[in-house]
Amino acid sequence: MGAADTGIIVVDPDGVEVTRSHAAERFRDARHGDAVALEVIERLLRAALGGIHAEEELALFGPPRETLVVRAAPLVDDAGAVIGAAAYVRDVTELRRVEAVRRDFVANVSHELKTPIGAMALLAETFLGSNDVEVSRRLAEQLVQEADRLAHIVDDLLDLSTVEAQEHPTREQARVRTLVDEAVERVGATALARGIPLSVQPIDDDLVVACDPVQIVGAVTNLLDNAVKYSEAGEAVEVAAEVADGTLVLAVRDHGIGIPSRELERIFERFYRVDKARSRATGGTGLGLAIVRNVAQAHGGEVTVESIEGEGSTFRLVLPRAGASVEAA
Numbered sequence: 297m298g299a300a301d302t303g304i305i306v307v308d309p310d311g312v313e314v315t316r317s318h319a320a321e322r323f324r325d326a327r328h329g330d331a332v333a334l335e336v337i338e339r340l341l342r343a344a345l346g347g348i349h350a351e352e353e354l355a356l357f358g359p360p361r362e363t364l365v366v367r368a369a370p371l372v373d374d375a376g377a378v379i380g381a382a383a384y385v386r387d388v389t390e391l392r393r394v395e396a397v398r399r400d401f402v403a404n405v406s407h408e409l410k411t412p413i414g415a416m417a418l419l420a421e422t423f424l425g426s427n428d429v430e431v432s433r434r435l436a437e438q439l440v441q442e443a444d445r446l447a448h449i450v451d452d453l454l455d456l457s458t459v460e461a462q463e464h465p466t467r468e469q470a471r472v473r474t475l476v477d478e479a480v481e482r483v484g485a486t487a488l489a490r491g492i493p494l495s496v497q498p499i500d501d502d503l504v505v506a507c508d509p510v511q512i513v514g515a516v517t518n519l520l521d522n523a524v525k526y527s528e529a530g531e532a533v534e535v536a537a538e539v540a541d542g543t544l545v546l547a548v549r550d551h552g553i554g555i556p557s558r559e560l561e562r563i564f565e566r567f568y569r570v571d572k573a574r575s576r577a578t579g580g581t582g583l584g585l586a587i588v589r590n591v592a593q594a595h596g597g598e599v600t601v602e603s604i605e606g607e608g609s610t611f612r613l614v615l616p617r618a619g620a621s622v623e624a625a
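Residue numbers (the working numbering): 297 to 625.
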């Protein structure tokens, strides 16, 4: 049953079926999860024949998992006599999923903002009570760090919100080499400070992609930033672009700490961090990979990851290819 379809079953005063919609056919001689739904439908129809309006939500564990809302109402004539009943079955799986995501997002945002705000309040209070110049200086430095962390979280939230809110995203032909060079330049200072060489494989000047350049540069920057932060000094981070099966693949490979296999399915979730202590120490917000995933999906592509713990990771941003040449970018 699609989310837009409503299953309808109508019975007469004796509970004998009169008609049912196509979407409700799945509950005829139902098995497994649908049999559970059928029991609810029949129970609510019996209640409706007694003049009672009833509604119940049930979760079917599938596969696939579904959430259905079953509602039944009596059908009455002009004199108010019950002449039958109708049951309505609506699939609200996607609606409940979105609601859960929103609840989790609000809870996570509240938690993530609470940490730097609480730290800033404590530091400010300590600062006001200190008469030692050196102590005051260190407190001020920590205040600046926490303010920067808060600013990064807000910036990432705004980026994520912008990508998700775009109904008709703009696209333009952009040189892949220009996009990669700009992303590399953004993380250059951080890589230099950490002693991480950035190695960019040669990219054809004529290779282009139809995209929102700001979003793609931001996505590649996030992948590079993660690679640098989770690598040790002297370990190179490599960037490459290639055409495969009609798509453009932007690959970022590091030789860092890698990602445990049990974590791979969750790393693109908002605020999810594999190494929480290290992420916070390096200023990570836990939103970078969520932004990359949303940018990829907004462009009709995907982001994938291969990783071996202790050996490194390779992230691939896969986008539909635009063409082979461009006049300007």
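Backbone N, C-alpha and C define an ideal beta-carbon position, used for all residues, glycine too.
Values in this document were obtained by computation on a predicted structure and should not be read as measured data.
With a 10 Å radius around the Cβ and a threshold of 16 neighbouring Cβ atoms, Asp550 comes out buried. The stretch 520–530 and the stretch 592–604 do not touch, with fewer than 3 CB-CB distances between them shorter than 8 Å. Residue environment: Ser603 is assigned as buried (16 or more neighbouring CB atoms within 10 Å of its CB, all protein chains considered). The stretch 526–534 makes contact with the stretch 481–493, as at least three CB pairs between them are under 8 Å. Looking at the backbone, the Cα of Glu390 and that of Leu544 are separated by about 31 Å. Of the other Cβ atoms in all chains shown, 16 or more fall within 10 Å of the Cβ of Ile555; this residue is therefore buried. In chain order, Val307, Pro309, Gly311, Pro370, Val378, Gly380, Ala381 place their CB closer than 8 Å to the CB of Leu345, counting only its own chain and leaving out the 5 sequence neighbours on each side. Leaving aside the five residues that flank Gly608 on each side, the residues in its chain whose CB is nearer than 6 Å to its CB run, in chain order, Asp550, His551, Gly552, Gly554. By the C-beta density criterion, Ala592 is buried, having at least 16 other C-beta atoms within 10 angstroms. Scanning Lys525, Gln511, Tyr526, Leu546 for the CA closest to the CA of Leu503 turns up Leu546. Of the candidates Leu453, Asp452, Thr458, Pro509, the residue whose Cα lies closest to the Cα of Val472 is Pro509.
Val394 is positioned such that its CB atom lies no closer than 9 Å to that of Leu364.
Cα atoms of Gly358 and Val405: separation of roughly 31 Å, rounded to the nearest angstrom. Under the three-state reduction of DSSP, Pro370 is assigned to strand. When DSSP states are grouped into helix, strand and coil, Ile553 belongs to the coil group. Asp452 carries a helical assignment under DSSP once its states are collapsed to helix, strand and coil. Inter-segment contact for the stretch 407–423 and the stretch 432–450 is present: three or more beta-carbon pairs are separated by less than 8 Å.
Per DSSP, Leu583 lies in no alpha helix (DSSP H) and is assigned neither H nor E. By the neighbour-count definition (other C-beta atoms within 10 Å, threshold 16), Gly584 is a buried residue. Of Arg566, Leu615, Pro493, Gln511, the smallest CA-CA separation from Val539 is found for Leu615.
Taken atom to atom, the span from the alpha-carbon of Ser527 to that of Ala487 is near 10 Å.
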